[in-house]
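Asker:
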Amino acid sequence: MTDENEGAHGANDLGSWLTSMGAPESITDLMPSEITGVDLAPLIAMLGGVGVRSGVRNVGDSEQLADSIKWLPLDRS
Amino acid sequence: MWNRAPDVSPNLRIDCGVERRINSRTSPKFVSGFFETLVAPFGFSLPTQGLLGSLNLTQGVYDLISEHKRLQFASVTQLARAVSDLDSLKIALLQMDSEEFAIWCGLGKNNSRLGLLTLIREIDQALVRVREARVKVDFEEYRPGPKALVNSMTQLALTGVACEAKQVKKAWPQSGRKPLTPKWKSRIGSVSVCEGVGTLIEMSPMEYTFKVKWKGAARTRIDVGVLRNHLVLDLGGVRRFLELPAACSRMESIKARVSIDSIEIDFMVNEKEWPRS
């Protein structure tokens, strides 16, 4: 299991995993119970070495958020 | 406010400053579809955490993409944040539709992409609808100070939503507060809607400037950033995304300048990406 799968530790189902990753608890109200109750273990096994941490792409040895904003230095006049 | 032309569509009316009578936790099918789109292709994943991680989708976003004719928000700030969240959601979904995410998520293997595009279109329509809405503010339930009022009105204006300054000034005395001073009346009247239209200007063969006009920009504590092909304007957590010209994707953003009525972003041509003969 890669570091990216760290969030899955201690969470047995998809709903718990999403909330452990910072999703609002109400997210489970929005999803059918058969989806929130999905067992994580076979999914993680299926994904193998693919990182599943949100928005992270592996770039060589480093990682970056694919959707991170580049904030610019600002001159105010 | 906000200098909006009188052809405002009466199709949607939004009341701000009204306590919500219904704590809506019912998600429209679009939002349910959104999560299914996220979940289905990859088993589980949220590939756009940087944009979506801080959103509170239960606070008004559902309402904005509903087909209700009349909506109520507790405050102008809540409305501004909901519109900002909806804008962020759209950008995140557009990213998911980009080639690398489509591959990464496995979109295209089934009907997920079709669902994604449908959702993007629905959100687009919702944004158009809310930006054409008639917004009414009252101060019966929520009474900000004048400074907070101007700040939240400016945030709302950044999202592209108009609100009549005359109506705001008229509603104020009825709240039992002190009358607005001429200074604050002037400030409220000076806030203009950010129309979101920019122009790319060639300064030299290697330097370009993207200029967005927004009256009063210098009075704000705005932050400026770039996310792929979008300019990001952030005012106290309320964001507006403006699409940059295609040429900007082959240039590097260097710095931003904020003046009294515009925001300018300097770009430098990256010759590796865009060789010139």
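Going line by line, the protein sequences match chains A and B. Numbering-wise (the working numbering), the first sequence opens with residue 1 and increments by one. Numbering-wise (the working numbering), the second sequence opens with residue 78 and increments by one. Cβ atoms here follow ideal geometry from the backbone N, Cα and C, with glycine treated the same way.
Using a Cβ-Cβ cutoff of less than 6 Å, which residues in the same chain neighbour residue 212/B once the five nearest sequence positions on both sides are dropped?
Answerer: For this step, residue 212/B is matched to residue 135 along the second sequence. The residues are 91, 240.
Asker: If you count every other CB in all the chains shown that lies within 10 Å of the CB of residue 147/B, and 16 or more means buried, which is it?
Answerer: Position 70 of the second sequence, counted from the start, is the residue given in the question as residue 147/B. Residue 147/B should be labelled exposed.
Asker: Between residue 118/B and chain A, is the shortest Cβ-Cβ distance under 8 Å, so that the two count as touching?
Answerer: Along the second sequence, read from residue 1 onward, the residue named residue 118/B stands at position 41. Confidence at residue 118/B is low in this model, with a pLDDT of 47, below 50, so its placement is unreliable and the value that follows should be read with caution. False, the Cβ-Cβ gap to chain A never drops below 8 Å.
Asker: DSSP three-state label for residue 345/B, please.
Answerer: Taking the second sequence and counting its residues from 1, one reaches residue 345/B at position 268. Residue 345/B: strand per DSSP, three-state reduction.
Asker: Where DSSP assigns a beta bridge to residue 333/B, which residues make up the other side?
Answerer: Position 256 of the second sequence holds residue 333/B. Note: residue 333/B sits in a beta bridge opposite 74/A, 342/B.
Asker: Can you list the residues of chain A that residue 334/B reaches, using a CB-CB cut of under 9 Å?
Answerer: As a working mapping, residue 334/B is identified with position 257 in the second sequence. 74, 75, 76, 77, listed in chain order.
Asker: Are the C-beta atoms of residue 99/B and some chain A residue less than 8 Å apart?
Answerer: Residue mapping note: residue 99/B aligns to position 22 of the second sequence, counting from 1. Confidence at residue 99/B is low in this model, with a pLDDT of 47, below 50, so its placement is unreliable and the value that follows should be read with caution. It does not: the Cβ of residue 99/B has no partner Cβ on chain A nearer than 8 Å.
Asker: Less than 8 Å separating the beta-carbons of residue 166/B and residue 137/B?
Answerer: By one-based count along the second sequence, residue 166/B stands at place 89. By one-based count along the second sequence, residue 137/B stands at place 60. Not a contact, by the Cβ cut-off of 8 Å.
Asker: Does the distance from the C-beta atom of residue 159/B to that of residue 141/B stay below 8 Å?
Answerer: Along the second sequence, read from residue 1 onward, the residue named residue 159/B stands at position 82. Along the second sequence, read from residue 1 onward, the residue named residue 141/B stands at position 64. Cβ distance < 8 Å, so residue 159/B and residue 141/B count as in contact.
Asker: Using only alpha-carbon positions, find the residue among 286/B, 297/B, 229/B that is nearest to residue 151/B.
Answerer: On the second sequence, position 74 is the one that residue 151/B refers to. Selected option, being the one with the closest Cα: 229/B.
Asker: Return the CA-CA distance between residue 171/B and residue 214/B, expressed in angstroms with no decimal places.
Answerer: Position 94 of the second sequence holds residue 171/B. Position 137 of the second sequence holds residue 214/B. Using only the alpha carbons, I get a separation of about 33 Å.
Asker: With distance defined between alpha-carbon atoms, name the residue in 301/B, 296/B, 341/B, 248/B nearest to residue 279/B.
Answerer: Along the second sequence, one-based indexing puts residue 279/B at 202. Comparing Cα positions, the closest option is 341/B.
Asker: If distances are taken between C-alpha atoms only, which option among 94/B, 149/B, 93/B, 154/B comes closest to residue 316/B?
Answerer: Position 239 of the second sequence, counted from the first residue, corresponds to residue 316/B. Nearest of 94/B, 149/B, 93/B, 154/B to residue 316/B, Cα basis: 154/B.
Asker: With H, G and I counted as helix, E and B as strand and the rest as coil, what does DSSP make of residue 197/B?
Answerer: Numbered from its first residue, the second sequence carries residue 197/B at position 120. It is helical.
Asker: Would you call residue 232/B buried or exposed, if buried means 16 or more other Cβ atoms sit within 10 Å of its Cβ?
Answerer: Here residue 232/B refers to the residue found at position 155 of the second sequence. Burial call: buried.
Asker: Any beta-carbon of chain A closer than 8 Å to the one on residue 247/B?
Answerer: The residue labelled residue 247/B in the question sits at position 170 within the second sequence. It does not: the Cβ of residue 247/B has no partner Cβ on chain A nearer than 8 Å.
Asker: Work out the CA separation of residue 207/B and residue 238/B for me, nearest whole Å.
Answerer: Position 161 of the second sequence, counted from the start, is the residue given in the question as residue 238/B. Position 130 of the second sequence, counted from the start, is the residue given in the question as residue 207/B. Cα to Cα, the separation comes out at about 7 Å.
Asker: Check residue 137/B in the structure and name its three-state DSSP category.
Answerer: Mapped onto the second sequence, residue 137/B falls at position 60. In this structure, residue 137/B counts as coil in the three-state DSSP scheme.
Asker: Let me know if residue 69/A comes out buried or exposed under the rule of 16 or more other beta-carbons within 10 Å of its beta-carbon.
Answerer: Sequence index remark: in the first sequence, residue 69/A carries index 69 (1-based). Buried, since its Cβ has 16 or more Cβ neighbours within 10 Å.
Asker: So, is residue 79/B buried or exposed, given that buried needs 16 or more other C-beta atoms within 10 angstroms?
Answerer: Position 2 of the second sequence, counted from the first residue, corresponds to residue 79/B. Caution applies to residue 79/B, whose pLDDT of 49 falls short of 50 and renders its modelled position unreliable; the model cannot decide the point.
Asker: Going by DSSP, what residue range makes up the alpha helix (DSSP H) through residue 229/B?
Answerer: The residue given as residue 229/B occupies position 152 in the second sequence. 223-235 is the span of the alpha helix (DSSP H), which, as asked, contains residue 229/B.
Asker: From 313/B, 303/B, 310/B, pick the residue whose C-alpha is nearest to that of residue 329/B; which is it?
Answerer: Here residue 329/B is taken as the residue at index 252 of the second sequence, counted from 1. The candidate whose alpha carbon is nearest that of residue 329/B is 303/B.
Asker: Compute the Euclidean distance between the alpha carbons of residue 337/B and residue 234/B, then round it to the nearest angstrom.
Answerer: By one-based count along the second sequence, residue 337/B stands at place 260. By one-based count along the second sequence, residue 234/B stands at place 157. Rounded to whole angstroms, residue 337/B to residue 234/B spans 15 Å at the Cα level.
Asker: When you compare the CB of residue 342/B with every CB in chain A, is at least one pair closer than 8 Å?
Answerer: For this step, residue 342/B is matched to residue 265 along the second sequence. Yes, residue 342/B lies at the interface with chain A (some Cβ there is under 8 Å from its Cβ).
Asker: For residue 201/B, tell me which candidate among 143/B, 270/B, 222/B, 265/B has the shortest Cα-Cα distance.
Answerer: As a first step, residue 201/B must be located in the second sequence, where it is residue number 124. For the residues 143/B, 270/B, 222/B, 265/B, the minimum Cα distance to residue 201/B belongs to 143/B.
Asker: Checking the sheet assignment: what are the DSSP bridge partners for residue 160/B?
Answerer: Here the question's residue 160/B lines up with position 83 in the second sequence. None, per the DSSP bridge assignment.
Asker: Taking only three categories from DSSP, how would you classify residue 153/B?
Answerer: Within the second sequence, the letter at position 76 stands for residue 153/B. In this structure, residue 153/B counts as helix in the three-state DSSP scheme.
Asker: Apart from the five residues on each side of it in sequence, which residues of its chain come closer than 6 Å, Cβ to Cβ, to residue 331/B?
Answerer: By 1-based counting over the second sequence, the position of residue 331/B is 254. Hits under 6 Å: 343, 345.
Asker: Spell out whether any CB of chain B is found under 8 Å from the CB atom of residue 48/A.
Answerer: For the purposes of this step, residue 48/A is identified with residue 48 of the first sequence, where counting begins at 1. Low confidence applies here, because residue 48/A scores a pLDDT of 37, under 50, leaving its location unreliable; read the following figure in that light. Not an interface residue.
Asker: Taking the beta strand (DSSP E) that residue 317/B belongs to, which residues open and close that run?
Answerer: The sequence position of residue 317/B within the second sequence is 240, counting from 1. Residue 317/B -> beta strand (DSSP E) spans 315-320.
Asker: Shorter than 8 Å from the beta carbon of residue 302/B to some beta carbon of chain A?
Answerer: Position 225 of the second sequence holds residue 302/B. At least one chain A Cβ lies under 8 Å of residue 302/B.
Asker: Tell me which residues share the same chain as residue 289/B and place their Cβ nearer than 6 Å to its Cβ, disregarding the 5 neighbours each side in the sequence.
Answerer: For this step, residue 289/B is matched to residue 212 along the second sequence. Contacts found: 275, 340.
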